[in-house]
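First the structure, in the form of structure tokens, and then the observations on it.
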Amino acid sequence: MDKTPRAREIIQAIAKFELAPALKAEGFKKSNLTFTRRRGLTTQIIKFELSSWNLGPRGFFTVDVLVRFDEMTPPGESPGPYPQFFASLDQLLTDVPRSFEVNADTPVPQASARLTQWIMDGVVAPLNRVNTLVEFESTGWVQVPAWAFPALYAYYVERYEEAERLVRKEAEFFKDRGITWEGLVQKYRFHKLNARLAQPDPGD
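With the numbering used here applied, the sequence shown corresponds to residues 877 to 1080, in that order.
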């Protein structure tokens, strides 16, 4: 019987060897390959995503960072289940590959140690300063996502002119797909921008 570990098993070993204990010490709870913690008014998530092309011992995985903010909830509603902030590890840190490759010869302790250092120093340390929405700005990550989140952030920290500018920019960029300023305002539930709907677009 072939006892060569499959890619998923190697990746699980990498997550479990050094990273899981380090994250547990910082308050994260592990569920399969997802680590989650509540901190203040936020839910912070570090998640492994496995490639669908993994075959036998050879495979790839990425690491994503997600944050859900209770304060990004319209008045009178309960916080939804979906994170508003999403970025891959390579978007947040320099010199980190977009995806990580594993095979039968991957040295699990070394791979786990390197990944743990990246995540603890580059992700967890900044998130340790974040208990509220406004504190997230200290990470320097607000502008990392190209669309949606920068406008959401601006709106919920009451920078309405900035939020309007970002929504108009997004609508202009995607206008060939039928995206409109009015549609985005409704999608993002920016009720306080509704009063601006009657105003002409500055670009018109």
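Beta carbons: idealized from backbone N, C-alpha and C, even for Gly. These numbers were taken from a predicted model, which means no experiment stands behind them.
Query                                                                                                                            : Result
Delimiting residues of the alpha helix (DSSP H) encompassing residue 1049                                                        : 1036 to 1049
Pairwise C-alpha distance: residue 947 and residue 958                                                                           : 13 angstroms
Residue 929, buried or exposed, once every other Cβ within 10 Å from all chains shown has been counted against 16                : exposed
C-beta contact flag for residue 1017 and residue 965 at 8 angstroms                                                              : no
Span separating the alpha-carbon of residue 1033 from that of residue 1014                                                       : 14 angstroms
Secondary structure, beta strand (DSSP E): runs of 3+ residues fully inside the region 905 to 952                                : 905 to 907, 910 to 915, 918 to 926, 935 to 945
Of the listed residues 901, 908, 971, nearest to residue 885 (C-alpha basis)                                                     : 908
Rounded separation between residue 1020 and residue 1026 - CA only                                                               : 8 angstroms
Minimum C-alpha distance to residue 1039 - residue among 1052, 1050, 1067, 1055                                                  : 1067
Where residue 1058 falls: helix, strand or coil (DSSP)                                                                           : helix
Selection from 932, 890, 889, 920 that minimises the alpha carbon distance to residue 1156                                       : Nothing about residue 1156 can be reported from this structure: the residues present for the chain run from 877 to 1080 only.
CA-to-CA distance, residue 962 to residue 975, given in whole angstroms                                                          : 16 angstroms
Rounded C-alpha distance that separates residue 1022 from residue 1064                                                           : 15 angstroms
Close-in-space but distant-in-sequence residues of the same chain around residue 1005 (CB under 8 angstroms, 5 per side omitted) : 1011, 1014, 1015
For residue 877, the three-state DSSP class (helix, strand or coil)                                                              : With a pLDDT of 47 at residue 877, under the threshold of 50, the predicted position of this residue should be treated as unreliable, and no value is reported.
Cβ-Cβ separation, residue 911 to residue 887 (assumed contact under 8 angstroms), whole Å                                        : Rounded, the Cβ-Cβ distance is 14 angstroms, inconsistent with contact.
Exposed unless 16 or more other CB atoms sit within 10 angstroms - verdict on residue 945                                        : buried
Proximity below 8 angstroms, CB of residue 890 to CB of residue 987                                                              : yes
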